[in-house]
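Asker: Reminder that position 125 of the sequence shown reads as 194 in the working numbering, one-by-one numbering, no gaps. Here it is, the structure in full.
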Amino acid sequence: MFGEQKVSYSGVQPSGNLTIGNYLGAIRNFSTYSEKYKTFYCVVDQHAITVRQVPAELRRRTYETLALYMACGLDPEKNTLYVQSMVPEHTELAWMLNCFTMFGELSRMTQFKDKSAKHSDNINAGLFTYPVLMASDILLYQTDVVPVGIDQKQHVELCRDIAERFNQIYPDTFTVPEPIISRSGMKIMSLADPTKKMSKSDENTNAVVYILDDRDTIIRKFKRAVTDSGSEVRYAEDKPGVSNLMSIYSCFTGKTIEEIEREFNGKGYGDFKLAVGEVTADALAPVQEKYHALLADKAALEAQMKKGAEEASWYARRTLSKVKKKLGFVQLR
Ligand code: TYM
């Protein structure tokens, strides 16, 4: 809550090509808050360097992620869209919050465990303290709600714990945020292994549908998606492949699982997979068109980055100054 206004905050790493998991689990839901909340959506480039990035690619993806935010319906006049590294208050607050976060808490983070297993040659301190930077992103803006996929829930819960701990020692410093997890899109699974999250860092590109994939590619990937034994289109725990495709179909059409079961009653997996591919391609086509137009104007994107960073900084500075005062740092006017 900033003054009288409720705040929605979220972020996406520019660390790979964004997937329909990012879209359905997060980005698509961001604009629901634009009317009633003060909204901040950040391209979190500092989070991305916890694993090695190719600099030119990170730079390019930063522009692309901002363009995608806008192509997915985030109007920069109604939402503050910005790049994390352009607002240095994030890392400054992160240091302070590090001193209020326990080693044991960070050790329990499943993303840290997964990523350190995957990048065993580079288990750096940034990977370990990543959730503290994320808490700092959220708390700087006195955030009420954080729309994310379910994989980020643990991090938002840690953020709540940090905020509550800080508030207990220094009352009324931070708003304690709530994670908001959309029911259907909370965890879109890999098309090759439906027990695994669909991830932009997956090496198997057939397992992942990217927001920017063309129509033929999307349809081909869904046709090749791993399904389960049997041929019935039915949502069930022992049918993770079909159930995942049903969730995707439900997200893009707004139909309930029961409606989908009825629609494909008596039809096989082939028809169903084709239908999932078609609705996905149809839904993404206008996003892609807007994206390409936005990306073509680099100067406009840079102007947006500058405006967004200025807006965000204004809020960030206010919270940071409050924190410094509470902690006992001398601040000169
Ligand atoms: P990131 O970049 O991995 O993912 C961005 C958003 O997409 C969601 N998501 C998914 N949702 C459903 N199904 C999937 N397969 C799927 N894959 C990704 C994620 O849950 C996320 O909401 N740490 C964050 C970025 C971050 C952040 C923040 C988020 C940094 N600071 C502050 C919220 C608030 C991350 O790595 O997201």
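Glycine included, each C-beta is placed from N, C-alpha and C at the ideal position. Just so it is clear, the structure is predicted and the values come from calculations on it, not from any experiment.
Spatial neighbours of Val392 within its chain, please: C-beta separation below 7 Å, excluding the five flanking residues on both sides.
Answerer: Leu162, Met165 and Thr242
Asker: Shorter than 8 Å, the distance from the beta carbon of Val348 to the closest heavy atom of the ligand TYM, or not?
Answerer: no
Asker: Does the distance from the C-beta atom of Leu202 to that of Gln115 stay below 9 Å?
Answerer: With respect to Gln115, Leu202 sits close: the two C-beta atoms are nearer than 9 Å.
Asker: Would you check whether the ligand TYM has a heavy atom nearer than 8 Å to the C-beta of His224?
Answerer: yes
Asker: Grouping DSSP H, G and I as helix and E and B as strand, with all else coil, what is Gln373?
Answerer: helix
Asker: Output the boundary residues of the alpha helix (DSSP H) element that contains Glu330.
Answerer: Per DSSP, the continuous alpha helix (DSSP H) segment holding Glu330 begins and ends at Ile326 to Glu332.
Asker: Per DSSP, what kind of secondary structure is Ser382 in: helix, strand or coil?
Answerer: helix
Asker: With DSSP collapsed to three states, give me the class of Val201.
Answerer: helix
Asker: Would you be able to state if there are at least three C-beta pairs under 8 Å between the region 125–136 and the region 176–184?
Answerer: Contact fails: fewer than three Cβ-Cβ distances are below 8 Å.
Asker: Considering just the uninterrupted stretch of the beta strand (DSSP E) at Cys111, what are its terminal residues?
Answerer: Note, Cys111: beta strand (DSSP E), Lys107 to Val112.
Asker: Considering only the beta carbon of each residue, do Ala294 and Leu260 sit closer than 9 Å?
Answerer: yes
Asker: With respect to the beta strand (DSSP E) encompassing Ser189, which residues constitute its N-terminal and C-terminal limits?
Answerer: Where Ser189 is concerned, there is no enclosing beta strand (DSSP E), given that its DSSP letter is neither H nor E.
Asker: How should Lys107 be labelled, buried or exposed, when 16 other C-beta atoms within 10 angstroms of its C-beta is the threshold for buried?
Answerer: buried
Asker: In the DSSP assignment, find the unbroken beta strand (DSSP E) run with Leu143 in it and report its ends.
Answerer: That residue, Leu143, is in no beta strand (DSSP E); it is neither H nor E in DSSP.
Asker: Report whether the distance from the Cβ of Pro216 to the nearest heavy atom of the ligand TYM is below 8 Å.
Answerer: yes
Asker: Should the region 260–274 be regarded as contacting the region 323–336, the criterion being three or more beta carbon pairs within less than 8 Å?
Answerer: no
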